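Residue numbers (the numbering used here): 22 to 344. Quick reminder that beta carbons are idealized off the backbone N, C-alpha and C, glycines included. Values in this document were obtained by computation on a predicted structure and should not be read as measured data. Single-structure report; data block below.
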């Protein structure tokens with residue numbers, strides 16, 4: 022499939038899913054139409070924020086996954102792999118436990134994600150091998166997850182701890198519109214940072230030496246990429262919890278369909294990630310009996326087998342983005 026056809030199909034699909042998300046819920050839309058004030062309240066306070074957050078989270082996870090896979094030349098790379106998601110979640114959990122204002126939590130998530138990425142950059146500053154970045158990220162991810170669990174263990178309010186634990190499983194519901202709108206700005210800045218250096222991803226496909234010879238400063242590109250990812254992942258995790266595997270699945274499938282270079286996968290991956298998150302969010306509204314199934318549970322249930330498939334496929338971890 023060529024890119025023009027893909028964009029037509031994915032945009033129509035995305036638009037259709039946005040409309041479906043606005044009109045699918047516990048209260049049938051026919052009942053809402055009968056009372057205009059109730060309909061407007063449900064639309065602006067419940068369904069619109071949920072739909073926007075699903076699109077924002079999916080697009081952010083998709084583009085960061087594509088960027089990481091291109092930069093690391095590894096189809097198993099995912100935003101959560103290098104610990105940024107865990108850093109953002111730890112910061113948000115600390116803020117919630119200490120009673121910070123809800124409007125400040127997305128920005129505290131950015132701070133947590135940025136501190137994590139700064140530590141990562143310092144840890145690999147003397148050796149920028151991509152394998153080292155992955156291993157350091159995995160260790161940091163485990164450590165931050167342990168700190169998050171420890172924070173919950175020390176919480177004096179067991180009900181708040183339980184609520185936070187369910188939030189960490191991933192959900193796009195129960196977020197006010199103003200918080201979602203505030204989160205859009207840093208995500209857009211992160212998108213811009215990543216997209217501006219997209220051509221470096223193409224040269225990195227042939228190795229860091231080749232990219233350097235083509236005029237790209239690898240250390241600067243690395244800093245920009247990690248900061249851009251932090252600006253995107255921080256607000257997303259702070260609002261929607263940890264939604265795994267979207268950044269893994271979307272870019273990998275598109276790489277097989279479009280057969281294009283890494284820089285041309287960024288926007289398609291963002292759109293596909295938004296579609297995946299919207300599908301998952303609409304799906305849990307139909308599948309849930311009683312309490313709603315969490316988005317992170319659905320994406321992990323589908324993504325874990327996909328991850329295992331990639332891991333076992335030919336015993337390889339690196340990929341050729343042009344294949």
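- Within the segment 27–97, the complete alpha helix (DSSP H) segments at least 4 residues long are 50–54, 57–63 and 69–93, listed from N- to C-terminus.
- In the same chain as residue 176, and ignoring 5 residues on each side of it, the C-beta atoms closer than 7 angstroms to its own belong to 118 and 182, in chain order.
- Here the C-alpha atom of residue 143 lies approximately 23 angstroms from the C-alpha atom of residue 258.
- Within the model, the alpha-carbon separation for residue 233 versus residue 93 is close to 15 angstroms.
- In terms of Cα proximity to residue 108, the closest of 304, 128 and 95 is 128.
- Closest by C-alpha distance to residue 323, out of 301, 194 and 313, is 301.
- Residue 302 sits in a helix when the DSSP states are folded into three classes.
- Cβ-Cβ separation between residue 286 and residue 275: approximately 6 angstroms, consistent with a contact (criterion under 8 angstroms).
- The Cβ neighbour count for residue 174, taken over all protein chains shown within 10 Å, is under 16; the residue is labelled exposed.
- Measuring C-alpha to C-alpha distances from residue 44 to each of 327, 64 and 78 identifies 64 as the nearest.
- Residue 136 and residue 252 have their C-alpha atoms spaced approximately 11 angstroms apart.
- Taking 7 angstroms as the cut-off, the beta carbon of residue 165 is found no closer than this to the beta carbon of residue 89.
- Annotation note: the segment 252–305 contains the following uninterrupted alpha helix (DSSP H) runs of length 4 or greater, listed N- to C-terminal: 267–279.
- Excluding the 5 residues flanking it on each side, residue 262 has same chain C-beta neighbours closer than 8 angstroms at 110, 188, 189, 190, 191, 192, 315, 316 and 317, in chain order.
- Rounded to whole angstroms, residue 100 and residue 197 show a C-alpha spacing of 25 angstroms.
- Comparing alpha-carbon positions, the option among 91, 178 and 77 lying closest to residue 120 turns out to be 178.
- For residue 186, the uninterrupted alpha helix (DSSP H) segment begins and ends at 179–189.
- DSSP, reduced to helix, strand and coil, places residue 193 outside both helices and strands of the structure shown, so it counts as coil.
- The three-state reading of DSSP puts residue 229 in helix, counting H, G and I together.
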